[in-house]
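K.L.:
Here you go, one structure.
2 protein chains.
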Amino acid sequence: MEDESYKERKVITIGVVSELTGLTERQIRYYEDRKLIFPERSARGNRKYSFADVERLIDIANKREDGVTTKEIKQEMESKSRKEDRKIRKQMLRGQINARFGVQKD
Amino acid sequence: MEDESYKERKVITIGVVSELTGLTERQIRYYEDRKLIFPERSARGNRKYSFADVERLIDIANKREDGVTTKEIKQEMESKSRKEDRKIRKQMLRGQINARFGVQKD
DNA sequence: CGTGTAAGGAATTCTGACACG
DNA sequence: CGTGTAAGGAATTCTGACACG
Numbered sequence: 001m002e003d004e005s006y007k008e009r010k011v012i013t014i015g016v017v018s019e020l021t022g023l024t025e026r027q028i029r030y031y032e033d034r035k036l037i038f039p040e041r042s043a044r045g046n047r048k049y050s051f052a053d054v055e056r057l058i059d060i061a062n063k064r065e066d067g068v069t070t071k072e073i074k075q076e077m078e079s080k081s082r083k084e085d086r087k088i089r090k091q092m093l094r095g096q097i098n099a100r101f102g103v104q105k106d
Numbered sequence: 001m002e003d004e005s006y007k008e009r010k011v012i013t014i015g016v017v018s019e020l021t022g023l024t025e026r027q028i029r030y031y032e033d034r035k036l037i038f039p040e041r042s043a044r045g046n047r048k049y050s051f052a053d054v055e056r057l058i059d060i061a062n063k064r065e066d067g068v069t070t071k072e073i074k075q076e077m078e079s080k081s082r083k084e085d086r087k088i089r090k091q092m093l094r095g096q097i098n099a100r101f102g103v104q105k106d
């Protein structure tokens with residue numbers, strides 16, 4: 001694990017994200033409108049993105065190039081996150097079982 | 001090692017750095033003037049900082065609170081980087097020795 | 001649907017300078 | 001020495017809308 005998780009901190013302005021991804025600001029804002037990306041806002045209201053967001057945008061850009069619609073991308077995301085949820089729930093369950101019946105710690 | 005080294009990428013604007021560190025933009029620019037910090041510039045000339053820069057600035061801020069002058073901070077930095085250099089040179093030397101006389105790989 | 005663009009305003013950033021101490 | 005501030009300008013970002021398709 002990382003001390004501060006630089007990858008997730010939302011600190012990058014839209015102009016820099018545009019340089020980093022090659023997308024126009026218009027596109028970046030549109031993908032937010034389509035619920036594909038979730039920047040934070042500064043006090044005044046400026047969007048701030050994380051490195052993880054930048055990577056996701058690059059991923060979106062690649063899919064768009066392949067003709068995948070924003071709706072389909074959104075659905076892929078949701079299906080993936082459901083899978084993740086199941087995985088995590090499974091891990092937690094295993095943890096509980098181990099806590100009661102599993103090997104002794106130490 | 002990290003895939004892209006998020007910590008070192010210069011992507012954060014001075015306003016966000018100011019929020020993150022609690023320093024005024026004036027202070028941040030002054031420390032650059034004193035050669036304590038080295039932001040990159042965007043096409044137009046806006047400063048861009050890394051998370052590593054942010055951490056260094058927090059370090060500087062703490063030292064300034066203790067009354068350490070920018071000149072002294074600069075000297076500490078230089079002394080530390082000389083030590084680092086010696087360490088790296090030593091490691092490279094050891095690497096060369098191993099390459100010739102050391103254990104076989106595989 | 002996905003993206004471009006012109007519009008107007010508000011906040012951001014930049015530099016060089018004067019101020020205090 | 002270290003930092004605040006007012007100054008003027010240039011670039012940034014925001015929103016809502018019209019356009020095309």
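So the sequence lines, in the order shown, correspond to chains G and P.
Position 25, counted from 1, in the first sequence is what UniProt numbering calls 25; the numbers after and before it change by one each time, with no gaps.
Position 23, counted from 1, in the second sequence is what UniProt numbering calls 23; the numbers after and before it change by one each time, with no gaps.
C-beta atoms are modelled at their ideal positions from N, C-alpha and C, and glycine is treated no differently.
A quick note: this is a predicted structure, and the numbers were derived from the prediction, not measured.
(1) What beta strand (DSSP E) runs, 3 residues minimum, are completely inside the region 19-56 of chain P?
(2) Using the rule of at least 16 other Cβ atoms within 10 Å of the residue's Cβ for burial, across every protein chain shown, is threonine 21 of chain P buried or exposed?
(3) Kindly indicate the opening and closing residues of the alpha helix (DSSP H) around glutamate 8 of chain P.
(4) Taking C-beta pairs closer than 7 angstroms, name the residues in chain P that threonine 69 of chain G reaches, listed in chain order.
(5) Report back the beta-carbon spacing between isoleucine 14 of chain G and leucine 57 of chain G to the nearest angstrom; my notes put them in contact at under 8 angstroms.
(6) Would you please state the rounded distance, in angstroms, between the beta carbons of isoleucine 12 of chain G and tyrosine 31 of chain G? I believe it to be under 8 angstroms.
(7) Rounded to the nearest angstrom, how far is the Cβ of tyrosine 6 of chain P from that of phenylalanine 38 of chain P, given a contact under 8 angstroms?
(8) Do leucine 36 of chain P and isoleucine 73 of chain P count as a contact pair if the criterion is CB distance below 7 angstroms?
(9) Could you work out which residues of chain P lie near phenylalanine 51 of chain G, taking near to mean beta carbons separated by less than 9 angstroms?
(10) Pop quiz: glutamate 55 of chain G and lysine 48 of chain G are said to be a contact at Cβ under 8 angstroms. What is the actual Cβ separation, rounded to whole angstroms?
(11) Which residues mark the beginning and the end of the alpha helix (DSSP H) in which aspartate 85 of chain G is found?
(12) Should arginine 34 of chain P and threonine 69 of chain P be called a contact, given that it needs their Cβ atoms to be closer than 7 angstroms?
(13) May I have the straight-line CA-CA distance separating lysine 80 of chain P from lysine 63 of chain P, to the nearest angstrom?
P.N.:
For this structure:
(1) As far as the region 19-56 of chain P is concerned, its whole beta strand (DSSP E) runs of at least 3 residues are 47-49.
(2) For this step, residue 21 of chain P is matched to residue 21 along the second sequence. Counting C-beta atoms within 10 angstroms of its own C-beta, threonine 21 of chain P has 16 or more neighbours from the protein chains shown and is therefore classed as buried.
(3) In the second sequence, the residue the question calls residue 8 of chain P occupies position 8. Here glutamate 8 of chain P belongs to no alpha helix (DSSP H), and DSSP marks it neither H nor E.
(4) Working through the first sequence from its first residue, we reach residue 69 of chain G at position 69. The premise fails here: threonine 69 of chain G is roughly 29 angstroms from chain P at the closest Cβ pair, so nothing lies under 7 angstroms.
(5) The residue labelled residue 14 of chain G in the question sits at position 14 within the first sequence. The residue labelled residue 57 of chain G in the question sits at position 57 within the first sequence. Not confirmed; about 11 angstroms, so no contact.
(6) Taking the first residue of the first sequence as position 1, residue 12 of chain G is located at position 12. Taking the first residue of the first sequence as position 1, residue 31 of chain G is located at position 31. The pair is not a contact, with the Cβ atoms about 15 angstroms apart (cut-off 8 angstroms).
(7) Against the second sequence, residue 6 of chain P aligns to sequence position 6. Against the second sequence, residue 38 of chain P aligns to sequence position 38. With a Cβ gap of about 18 angstroms, tyrosine 6 of chain P and phenylalanine 38 of chain P do not count as contacting.
(8) One-based indexing of the second sequence puts residue 73 of chain P at position 73. One-based indexing of the second sequence puts residue 36 of chain P at position 36. It is a contact, given that the beta carbons lie within the stated cut-off.
(9) Here residue 51 of chain G refers to the residue found at position 51 of the first sequence. Result: Glu4, Tyr6, Arg9, Val11.
(10) Taking the first sequence and counting its residues from 1, one reaches residue 55 of chain G at position 55. Taking the first sequence and counting its residues from 1, one reaches residue 48 of chain G at position 48. Contact flag wrong, Cβ pair sits at about 16 angstroms.
(11) The residue you call residue 85 of chain G lines up with position 85 of the first sequence. From DSSP, the alpha helix (DSSP H) with aspartate 85 of chain G extends over 70-101.
(12) As a working note, residue 34 of chain P is residue 34 in the second sequence. As a working note, residue 69 of chain P is residue 69 in the second sequence. Their beta carbons are not under 7 angstroms apart, which means arginine 34 of chain P does not touch threonine 69 of chain P by this criterion.
(13) Sequence index remark: in the second sequence, residue 80 of chain P carries index 80 (1-based). Sequence index remark: in the second sequence, residue 63 of chain P carries index 63 (1-based). So the two alpha carbons sit approximately 15 angstroms from each other.
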